[in-house]
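Here's the structure, in structure tokens; my notes come after.
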Amino acid sequence: MLEILAVRLLAPYVGLTLQTTTAIIGAALAGIATGAAIGGYLAARTNTRRLVVWLLVSGGLLALLIVPFVRWLGPGARGGGEFAALGITFVTLVPAAAMLSAVSPAVAHLQLHDLRASGTVVGRLSAWATAGALIGTFGTGFVLVPLMPVSSAVLIIGAVLVLAGIALGITSQTLSSTVAAGVAIAAIVLGGMTTSLHSPCTVETVYNCVIIEADAAQPGGYELILDDGHHSYVDLNHPTYLKYIYVRWIAEGINSFSQPQVPLNVVFIGGGGFTLPQWLAATRPGSRSNVLELDTELVDIDEERLGLHTSPVLRAMTGDARISMLEVAADSADVVVGDAFGHHSVPWHLMTAEWLDEVQRVLKPGGLYALNVIDFPPLDLLRAEAATLLEAFADVRLVALPGQHGEPYGGNAVFYASDQQIPRRTHSSAENAVTYSRADVEEIAGNSEPLRDDYAPVDQLLTLP
0 MLEILAVRLL
10 APYVGLTLQT
20 TTAIIGAALA
30 GIATGAAIGG
40 YLAARTNTRR
50 LVVWLLVSGG
60 LLALLIVPFV
70 RWLGPGARGG
80 GEFAALGITF
90 VTLVPAAAML
100 SAVSPAVAHL
110 QLHDLRASGT
120 VVGRLSAWAT
130 AGALIGTFGT
140 GFVLVPLMPV
150 SSAVLIIGAV
160 LVLAGIALGI
170 TSQTLSSTVA
180 AGVAIAAIVL
190 GGMTTSLHSP
200 CTVETVYNCV
210 IIEADAAQPG
220 GYELILDDGH
230 HSYVDLNHPT
240 YLKYIYVRWI
250 AEGINSFSQP
260 QVPLNVVFIG
270 GGGFTLPQWL
280 AATRPGSRSN
290 VLELDTELVD
300 IDEERLGLHT
310 SPVLRAMTGD
320 ARISMLEVAA
330 DSADVVVGDA
340 FGHHSVPWHL
350 MTAEWLDEVQ
360 RVLKPGGLYA
370 LNVIDFPPLD
380 LLRAEAATLL
390 EAFADVRLVA
400 LPGQHGEPYG
410 GNAVFYASDQ
420 QIPRRTHSSA
430 ENAVTYSRAD
440 VEEIAGNSEP
450 LRDDYAPVDQ
460 LLTLP
């Protein structure tokens, strides 16, 4: 349970990628292995009942320290990626994991009175431990995280562990009432520290730590931050204002590809702050937007705080876009916009050839697919996606800031793709961007292999600054 919650606690500071999740799991396993070895060693050399009591109590107290440590260390770890995740996890989670993992071998030592029954005892304890792990995993993912803030869940786990240790200590007469009172006071103090340290999140949803920052320089302007990535800028007073460069590239691409003022049917993959759908409604009245957004609670937050008004012409379909897209009618969209990237988070299943089959199914003949990709030199992910798009579409272009040698500089880049030749007028020059032709995109792709559901190592291909 603590391992799953640690991933959520650290996401606002180190992001949520395959590498950071792997670092957290690996560090937790190191704590589990260490605790199992130490628990077995101590069980054979000390009063085992007293040992179990103090392991539970100490594990609970260390669990209560997890949130304060993350809140203290997290801001300094921003930008550190998997190394920062590994470091913070070793400081916060490993001690608690080691202490709690020492309980199992200690209990096994208590249960083993006859070597002839060792298989039965070890098997029974292993079964109970696995059952507990299953209950903890499903209970955390399906109950605790949707029900309450992550910090509250960690606080409850720590308190339950401490109370269990005190109860066991008193009933087994291995813990005096004075010591039990002292432990309870320590737990209350640590719990108070947890509650006094405010979460960086404005709202915690099932998927994101949502932060909404008001723009002091622009009345009505708000920045939407999900975990540690800036996702959207919304100006409540000027819905046509597009702050981010890549958003302007998408908007200019749509405008130059289509006839002026003509209403469009557009499918947006990723909602964020719904900046582009609201821009489309303001600049092309009568347009219809179908927004596929993973996070249901984020849509509610957009409606409550960022001026979103859903309607029959601006729909929000919640759930994973790979599934939601199946409900979108074939040949129904003039434009599909792919904007589900976060700074660290890469939706690999929305970058493969199989996904592009769905995009083509939804697009009208001659429609436009505009895709935002984030990558930095050597641009391996950008090259792989270029190869994937070139294989699927008749014409592909790329808008990006140019580097010293003519190739994209890195950062955000926007692909334009269509099953017909894209008109020459379709381009963007916002912030001195360059629109690369199909021939240029082929050169950028080089020998890169197209991404497929069976093999899409996007986390390994992605390079961050």
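Residues 0 to 464 in numbering that gives the first Met the number 0 are what the sequence shown lists, from first letter to last. For each residue, glycine too, the CB sits at the ideal point set by N, CA and C.
Only residues of its own chain outside the window of five on either side were considered, and among them Gly-59 have a CB closer than 8 Å to the CB of Val-159, listed in chain order. If you check the CB distance, Val-266 and Val-336 come in under 9 Å. By the Cβ-count criterion, Trp-127 is exposed, with fewer than 16 other Cβ atoms from all chains shown falling within 10 Å of its own Cβ. Beta-bridge analysis with DSSP links His-229 to Ile-224. When C-alpha distances from Gln-420 are compared across Ser-436, Ser-427, Ser-231, Ala-429, the shortest belongs to Ser-436. In this structure, Leu-263 sits near Arg-283, with a CB-CB distance shorter than 9 Å. Rounded to whole angstroms, Ala-32 and Pro-401 show a C-alpha spacing of 49 Å.
For Met-316, the enclosing beta strand (DSSP E) has its first and last residue at 313-317. By the CB criterion at 9 Å, Asp-294 and Thr-309 fall outside the cutoff. Going by DSSP, Phe-256 is part of the alpha helix (DSSP H) stretching over 244-256. Looking at the DSSP output, Arg-287 shares a beta bridge with Asn-264. Taking the CA atoms as reference points, Leu-291 sits about 57 Å from Thr-173.
Comparing alpha-carbon positions, the option among Val-6, Val-56, Thr-21, Ala-95 lying closest to Gly-73 turns out to be Val-6.
Closest in C-alpha terms to Val-13, from the list Ala-29, Leu-64, Gly-34, Arg-70, comes Arg-70. The beta carbons of Val-233 and Leu-275 sit about 11 Å from each other, so the pair does not count as a contact at 8 Å.
Excluding sequence positions up to five before and after Asn-236, its CB lies within less than 6 Å of the CB of Gly-219, all in the same chain and listed in chain order. Counted as a single uninterrupted DSSP element, the beta strand (DSSP E) harbouring Ala-416 occupies residues 410-417. Looking only at Leu-279, Asp-379, Gly-409, the smallest Cα-Cα distance to Ala-455 is reached by Asp-379. Remark: C-beta atoms of Val-358 and Ala-329 do not approach each other more closely than 9 Å. Counting of Cβ neighbours within 10 angstroms places Ile-187 among the exposed residues, the total staying below 16. With respect to the 9 Å criterion, Ala-42 and Ala-96 are not classified as neighbours on the basis of their beta carbons. Residue state for Leu-362 is assigned as strand, using DSSP reduced to three classes.
Note that the C-beta distance between Gly-164 and Leu-17 is not below 9 Å.
Fewer than three Cβ pairs drawn from the segment 446-453 and the segment 401-413 lie within less than 8 Å of each other, which leaves the two stretches out of contact.
Under the DSSP assignment, Tyr-435 falls in the beta strand (DSSP E) whose first and last residues are 433-435. Listed in chain order, the alpha helix (DSSP H) elements of length 4 or more contained wholly in the segment 73-116 are 80-100, 102-110.
Ala-429 carries a helical assignment under DSSP once its states are collapsed to helix, strand and coil. Short of 6 Å from the beta carbon of Tyr-240, and not among the five residues preceding or following it, lie these beta carbons of its own chain, in chain order: Asp-234. Beta-bridge partners assigned by DSSP to Arg-423: none are found. Nearest Cα to Thr-136 within the set Ala-352, Met-0, Ile-23: Met-0. Residue nearest to Ser-331 within the set Ser-171, Leu-367, Ala-339, Leu-305 is Leu-367 (criterion: CA-CA distance). Scanning its chain for C-beta atoms nearer than 8 Å, with the 5 sequence neighbours on each side dropped, one finds around Glu-430 the residues Ile-244, Arg-247, Leu-400, in chain order. By alpha-carbon distance to Arg-382, the top candidate from Ala-393, Gly-365, Tyr-408 is Tyr-408. Cα atoms of Met-98 and Phe-89: separation of roughly 13 Å, rounded to the nearest angstrom.
Gly-285 sits exposed, since fewer than 16 C-beta atoms from the chains shown fall within 10 Å of its C-beta. By the beta-carbon neighbour count (other beta carbons within 10 angstroms, threshold 16), Asn-46 is exposed.
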